[in-house]
Amino acid sequence: MAKAAARKTTPAASSSVERRPALAGRSTTAAAVKVEVLPPAERISLRAPEASVAALSKALGVALPNKPKTSASKGGRTALWLGPDEWLVIDEAGNDPLADCAKVSALHSAVGVSHRNIAISVT
């Protein structure tokens, strides 16, 4: 245990480091299809009971959808319904949805997942 306590921890990466997906800037086009990687965005995985939905919707500035296969968008922020108590919240306006959720005292779990997701547009 003494050895574990003596280990030094490495500080988290600086927030000034630019996040860039491995596929950034790449695209492909065929006769009727275009595939491209979209710019990075803030993404959170949000879970909450029904009793917390109103407070979280207010804090996020977008109504969390409550029906399967639905989404809601407002002001550069989108909430996608993943399950009865789960949403993926995407902010493309440069704001921090995790910080907005942290201000809510109602029961919920919000986890940043921006590092593990990229968005691909198929048109």
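First residue of the sequence shown: 2, per this note's numbering; consecutive thereafter. By construction, the Cβ of each residue, glycine as well, lies at the ideal position given by its N, Cα and C atoms. Please read these numbers as outputs of a predicted model, since none were measured by experiment.
By alpha-carbon distance to Gly-62, the top candidate from Ala-31, Val-18, Leu-108, Asp-92 is Asp-92. In the structure shown, Ser-17 adopts coil according to DSSP, grouped into three states. Val-112 and Asn-67 have their C-alpha atoms some 20 Å from each other. Residue pairing from DSSP places Leu-47 in a beta bridge opposite Trp-88, Ala-111.
In the three-state reduction of the DSSP assignment, Ser-74 falls in the strand class, which pools E and B. The criterion of a C-beta distance shorter than 8 Å is satisfied by Ser-28 and Val-36. Beyond the five residues adjoining it in sequence on each side, Arg-44 comes within less than 6 Å, by CB distance, of Ile-91, Val-114, Ser-115, Asn-118 in the same chain, given in chain order. Under a 10 Å Cβ-count criterion, Ala-32 is classified as exposed, with fewer than 16 other Cβ atoms of the shown protein chains found around its own Cβ.
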